[in-house]
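To start, the structure under review is shown below, and the notes come after it.
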Amino acid sequence: MSLRKTNFVEGEYYHIYNRGVDKRNIFSNKSDLGRFFQSMKEFNTKDPIGSLYENSFIKKKELGSKASKLVKFIAYCLNSNHYHFILTPLVEKGIEKFMQRIGTGYTMYFNEKNKRSGSLFQGKFKSKHINSNEYLLQVSSYVNLNNYDKNGVIKKSLSASSWIEYTQSTNFNFCEKSIILSQFKSKKEYEEFALKTWKNTCEKKDLTWRPCLQVLIRFIYLLFQSFHNSI
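Residues 1 to 231 in full-length UniProt numbering are what the sequence shown spells out, letter by letter.
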């Protein structure tokens, strides 16, 4: 069994992500998205948990207070075949316990619903330590806008992210946004920063793939020429 390289430290920030095994979809419809988001809320407690079905009969105030959470969410994005979180652990092993719960719980739900068995996610969740404030701001843009194109237009209908929470007036406060938004004069200023950062990220990715594509096209052309000359 391989050991996890990241040692999660309380108060530090981490980019957590994973995708479906063999790049398969982990969300088939909005109901699946809703179920996963519900898991993000209700599995985030130090207290023992039952099933989400059992918890639906319990008053929300009885499901655990803010003080009993395992992790703090800074940002999230759920795409059809993968997800991204920015988390900070609030207790020892908080991230590990939370991710184990959500991974196991959602897989059981998905497998039962779709009459399948086996793993749903591609191994253990992946993690990167966010070791500077500059990096934290960059990753917040990456996660919040991961389901948008470089111009800020949503590109994936079956998706959800904390972008609206960061940029619009809303009473919905799932994420702890102050660590990010306190560094900007307004939500609008953060929106402009995030969109610019995301656009640069997308364009750099395009520049990285373009030479590879050109090499592939050249190789196919030479292969075709060689085949044609041999006839």
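Each residue gets a CB set at the ideal place from its N, CA and C atoms; glycine is no exception.
Hey, residue i and residue j: beta-carbon distance below 8 angstroms or not?
{"i": "Asn79", "j": "Asn144", "result": "no"}
{"i": "Asn81", "j": "Arg24", "result": "yes"}
{"i": "Ser132", "j": "Ala194", "result": "no"}
{"i": "Lys150", "j": "Lys199", "result": "yes"}
Beta-carbon within less than 6 angstroms of residue i's beta-carbon, same chain only, minus the 5 sequence neighbours each way: which residues are those?
{"i": "Ala160", "result": "Leu33 and Leu78"}
{"i": "His84", "result": "Tyr17, Cys77, Val143 and Asn146"}
Which two residues bound the contiguous beta strand (DSSP E) that contains residue i?
{"i": "Thr167", "result": "Run containing Thr167: none in the beta strand (DSSP E); it sits in the alpha helix (DSSP H), Trp163 to Thr167."}
{"i": "Ile130", "result": "Lys126 to Ile130"}
Between residue i and the rest of its own chain, which residues show a CB-CB distance below 7 angstroms, the 5 nearest in sequence each way excluded?
{"i": "Ile154", "result": "Asn147 and Tyr148"}
{"i": "Tyr13", "result": "Ile74, Ile86, Thr88, Ile130 and Leu136"}
{"i": "Ile177", "result": "With the sequence shown as reference, residue 177 is identified as Lys, and Ile is not the correct amino acid for it. Once the five neighbours on either side are set aside, the close Cβ partners of Lys177 are Glu165 and Tyr166."}
{"i": "Ile179", "result": "Ile74"}
{"i": "Phe43", "result": "Ile49, Phe98, Arg101, Ile102 and Gly105"}
Going by the DSSP bridge assignment, what does residue i pair with across the sheet?
{"i": "Arg19", "result": "His82"}
{"i": "Tyr148", "result": "Ile154"}
{"i": "Val71", "result": "Pro89"}
Return the first residue and the last residue of the alpha helix (DSSP H) that residue i is part of.
{"i": "Ile179", "result": "Ser178 to Leu181"}
{"i": "Gly123", "result": "Looking at the DSSP string, Gly123 is not in any alpha helix (DSSP H), and its letter there is neither H nor E."}
{"i": "Asn114", "result": "Gly94 to Asn114"}
Can you list, in chain order, the residues of its chain with a C-beta nearer than 8 angstroms to that of residue i? Leave out the 5 residues immediately preceding and following it.
{"i": "Val188", "result": "It is Lys, not Val, that sits at residue 188 in the sequence shown. The residues are Thr167."}
{"i": "Glu10", "result": "Thr88, Pro89, Leu90, Val91, Glu92 and Gly94"}
{"i": "Met99", "result": "Ile16 and Phe125"}
{"i": "Phe121", "result": "Asn18, Arg19, Gly20, Val21, Ile26, Gly103 and Thr107"}
Handout entry: Touch test, the segment 93-113 against the segment 160-172, Cβ-Cβ under 8 angstroms, three pairs minimum
Key = With the cut-off at 8 angstroms, the segment 93-113 and the segment 160-172 do not touch.
Exercise for the section: Would you check if there are 3 or more beta carbon pairs closer than 8 angstroms linking the segment 116-129 to the segment 34-42? Expected result: No, the segment 116-129 does not touch the segment 34-42.
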